[in-house]
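Residue 210 in the working numbering sits at position 209 of the sequence shown; the count goes up by one each step and never skips. Think of the CB as a built atom: it goes at the ideal place given N, C-alpha and C, for glycine as much as any other residue.
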Amino acid sequence: MDSESQDNRMKRHQSKHRTRNIILAVVAVIALSVGGYGYHVFSSVERSTSKMYSASGIKKSRNVSQLIKKQKPISILLLGTDVGALGRDSKVWAGGRTDSMMLVTINPKTQTTTMMSIPRDSLAVISGHEDEFPTKINAAYYFGQTKSTIATVQNMFNVPVDYYGLLNMGGMEKLVNEVGGVDIVPPLTFTYEKQHFTKGKEIHVNGSQALKFTRMRYQDPESDYGRTLRQRIVIQALLKKGSKLNNLLNDKFIDSLASQSRTDLSLSDLMELAKSYRTATKHVVSDHVQGVSDDIAGQSFEILPQTEKQRVTNKLRKGLEMSAATTGPRFGEEVPAGMEAYVPAADFGETADTKSTWGHDTNTSSQYNKAYDRDNTGDLNPNYDANN
């Protein structure tokens, strides 16, 4: 296939909204960290977390409650679902796909949080629904909700998933509106859906404008990687605004977060995270699993090379202070019999190629940060004092 068509497919099909789902975890921790402000905040959070709680349905591979009590590193699979998007019924959590997937490790000892984005179009064998192959990893939630999603990710990378957090696609817009909008500084100039943004010029945006800022892709020289940076900009601004006392005392803000979120973190787990894991936000490292585009059965997929998967496995297990181990099978599980024709050649994508999506510097999450003189490692919220 020619390089131009491959590049066009890459721009059309790269994963959407990779980082939006971290709102759930970070905002919840911030909200819970203000228990000292009184019973009103605690009771509001207690009521909201009861709405948010939903068991994953999968047996934990580790004693996660003990890990938190002993302040050991943990992992959280953060998901952004398309339920409620494009006019869908936002009250129904079943049946959607995850437009964003991120496996996060939180290490209080090293004071480091690592966020690893997983391409939504990754070719995978879905746990419990193997006969659906070939399919994309974002369909795991559609077929088996959080149970299949967690199992598939664990199988793919041989890394335990301790908890999950799920955010409705419409959640960010509502949260931004509840805090009265946020201030952002665009890294490039563009116009999207009649909304204009100027590079380096601060602008106050409401929820709808924030979504426009994060959703634009085709005008960005770095396509989806550029979009993930803009999503992080909005998230940082939301954290800064959301952590102010008046918003933490705002029942609508807390209720909005709860209504748009699901997690298997209990209130006691969240309280312990807020108390003992806050320093882990001092250093936030962003990374992503890099795939290579390919057409299979008329669909565009991202093929994750085993060498790249091994790099990701090594990084995540190190963040969890686990011993080194071999990454998972190529597609998470064995390909069902009779489906071998849909499997790319064993060496597909294993050689870095400037025409592929994989020819990147594995020491950074993307070339976008270099292009815009940005570092993707640092404080997620520079105004948040993790020591207080």
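Local conformation of residue i per DSSP, three classes
{"i": "Met-102", "result": "strand"}
{"i": "Leu-167", "result": "strand"}
{"i": "Gly-145", "result": "helix"}
{"i": "Ala-259", "result": "helix"}
{"i": "Gly-208", "result": "helix"}
{"i": "Val-293", "result": "strand"}
{"i": "Lys-137", "result": "strand"}
{"i": "Phe-191", "result": "strand"}
{"i": "Met-217", "result": "coil"}
{"i": "Glu-303", "result": "strand"}
{"i": "Met-323", "result": "coil"}
{"i": "Asp-132", "result": "helix"}
{"i": "Thr-113", "result": "strand"}
{"i": "Asn-315", "result": "helix"}
{"i": "Val-93", "result": "Any reading at Val-93 must be qualified, since the residue scores a pLDDT of 47, below 50, and its modelled position is unreliable; the value itself is stated next. Reduced to three states, the DSSP call for Val-93 is coil."}
{"i": "Ala-342", "result": "helix"}
{"i": "Ala-125", "result": "strand"}
{"i": "Thr-264", "result": "strand"}
{"i": "Asp-288", "result": "strand"}
{"i": "Gly-81", "result": "strand"}
{"i": "Gln-196", "result": "strand"}
{"i": "Val-183", "result": "strand"}
{"i": "Asn-159", "result": "coil"}
{"i": "Asn-108", "result": "strand"}
{"i": "Ile-59", "result": "coil"}
{"i": "Ile-151", "result": "helix"}
{"i": "Ile-69", "result": "helix"}
{"i": "Ile-75", "result": "strand"}
Straight-line gap, residue i to residue j (C-alpha atoms, nearest Å)
{"i": "Glu-415", "j": "Ala-152", "result": "In the structure as shown, the chain begins at 2 and stops at 389. Residue 415 is therefore absent and cannot be evaluated."}
{"i": "Arg-228", "j": "Ala-211", "result": "12 Å"}
{"i": "Ser-257", "j": "Phe-302", "result": "34 Å"}
{"i": "Lys-283", "j": "Glu-351", "result": "35 Å"}
{"i": "Gly-333", "j": "Glu-309", "result": "14 Å"}
{"i": "Ile-69", "j": "Gly-339", "result": "44 Å"}
{"i": "Ile-77", "j": "Ala-342", "result": "35 Å"}
{"i": "Gln-232", "j": "Ser-324", "result": "33 Å"}
{"i": "Tyr-193", "j": "Thr-215", "result": "10 Å"}
{"i": "Val-180", "j": "Glu-322", "result": "37 Å"}
{"i": "Ile-23", "j": "Val-105", "result": "At Ile-23, the pLDDT of 41 sits below 50, so the modelled position is not reliable and the matter cannot be decided from this model."}
{"i": "Ala-298", "j": "Glu-133", "result": "13 Å"}
{"i": "Leu-381", "j": "Gln-146", "result": "Here Leu-381 scores only 34 on pLDDT, less than 50, and its place in the model should not be relied on; the value that follows carries that caveat. Their Cα atoms are separated by approximately 29 Å."}
{"i": "Asn-178", "j": "Met-53", "result": "20 Å"}
{"i": "Arg-421", "j": "Val-160", "result": "In the structure as shown, the chain begins at 2 and stops at 389. Residue 421 is therefore absent and cannot be evaluated."}
{"i": "Lys-241", "j": "Asp-288", "result": "22 Å"}
{"i": "Ser-51", "j": "Pro-306", "result": "40 Å"}
{"i": "Glu-131", "j": "Pro-187", "result": "43 Å"}
{"i": "Met-173", "j": "Pro-222", "result": "25 Å"}
{"i": "Asp-348", "j": "Gly-208", "result": "44 Å"}
{"i": "Asn-169", "j": "Lys-319", "result": "30 Å"}
{"i": "Gly-129", "j": "Phe-144", "result": "9 Å"}
{"i": "Gln-311", "j": "Val-290", "result": "10 Å"}
{"i": "Lys-61", "j": "Pro-74", "result": "15 Å"}
{"i": "Ser-260", "j": "Gln-300", "result": "34 Å"}
{"i": "Lys-253", "j": "Gln-67", "result": "33 Å"}
Supposed close pair residue i, residue j - CB separation, criterion 8 Å
{"i": "Pro-330", "j": "Asn-156", "result": "7 Å"}
{"i": "Thr-150", "j": "Tyr-142", "result": "5 Å"}
{"i": "Thr-82", "j": "Leu-176", "result": "Rounded, the Cβ-Cβ distance is 15 Å, inconsistent with contact."}
{"i": "Leu-317", "j": "Met-117", "result": "6 Å"}
{"i": "Val-183", "j": "Ala-238", "result": "4 Å"}
{"i": "Phe-158", "j": "Thr-327", "result": "10 Å between Cβ atoms; not a contact."}
{"i": "His-185", "j": "Val-206", "result": "For clarity, residue 185 is Ile in the given sequence; the question names His instead. Confirmed, about 6 Å."}
{"i": "Val-154", "j": "Ile-119", "result": "7 Å"}
{"i": "Asp-265", "j": "Ala-56", "result": "5 Å"}
Near the ligand ATP: residue i beta-carbon under 7 Å from a heavy atom
{"i": "Ala-140", "result": "No copy of the ligand ATP appears in this structure; indeed no ligand is present at all."}
Own chain residues within Cβ distance below 6 Å of residue i, not counting five before or after
{"i": "Val-65", "result": "Asp-163"}
{"i": "Leu-189", "result": "Lys-200"}
{"i": "Pro-345", "result": "Asp-295, Ile-304"}
{"i": "Arg-89", "result": "Here Arg-89 scores only 43 on pLDDT, less than 50, and its place in the model should not be relied on; the value that follows carries that caveat. Excluding residues within five positions, none has a Cβ falling inside 6 Å."}
{"i": "Lys-213", "result": "Tyr-193, Glu-194, Gln-196"}
Own chain, CB closer than 7 Å to residue i, minus 5 neighbours either side, in chain order
{"i": "Ile-59", "result": "Lys-148, Ile-151, Ala-152"}
{"i": "Ala-281", "result": "Ile-107, Asn-108, Pro-109, Gln-112, Thr-113, Thr-114"}
{"i": "Leu-33", "result": "For Leu-33, the pLDDT reaches just 39, beneath the cut-off of 50, and the residue's location in the model is therefore unreliable, leaving the point undetermined."}
{"i": "Thr-165", "result": "Looking at the sequence itself, residue 165 is Tyr, so the reference to Thr does not match. Ser-57, Ile-77, Leu-78, Leu-80, Thr-147, Ile-151, Thr-264, Asp-265, listed in sequence order."}
C-beta neighbour in chain C for residue i, strict 8 Å
{"i": "Ala-275", "result": "Among the chains in the structure shown there is no chain C, since it carries only a single protein chain."}
Same chain, Cβ closer than 8 Å to residue i, five either side skipped, listed in chain order
{"i": "Val-336", "result": "Val-126, Phe-134, Tyr-343, Val-344"}
{"i": "Gln-72", "result": "Pro-109, Lys-110, Ser-277, Tyr-278"}
{"i": "Met-217", "result": "Phe-191, Tyr-193, Arg-228, Arg-231"}
Open item on the list: With three or more beta-carbon pairs closer than 8 Å as the criterion, would you say the stretch 98 to 117 touches the stretch 259 to 269?
Closed with: These segments do not touch.
Open item on the list: Taking contact to mean 3 or more Cβ pairs, one atom from each stretch, closer than 8 Å, check whether the stretch 192 to 201 and the stretch 287 to 300 are in contact.
Closed with: No contact exists between the stretch 192 to 201 and the stretch 287 to 300.
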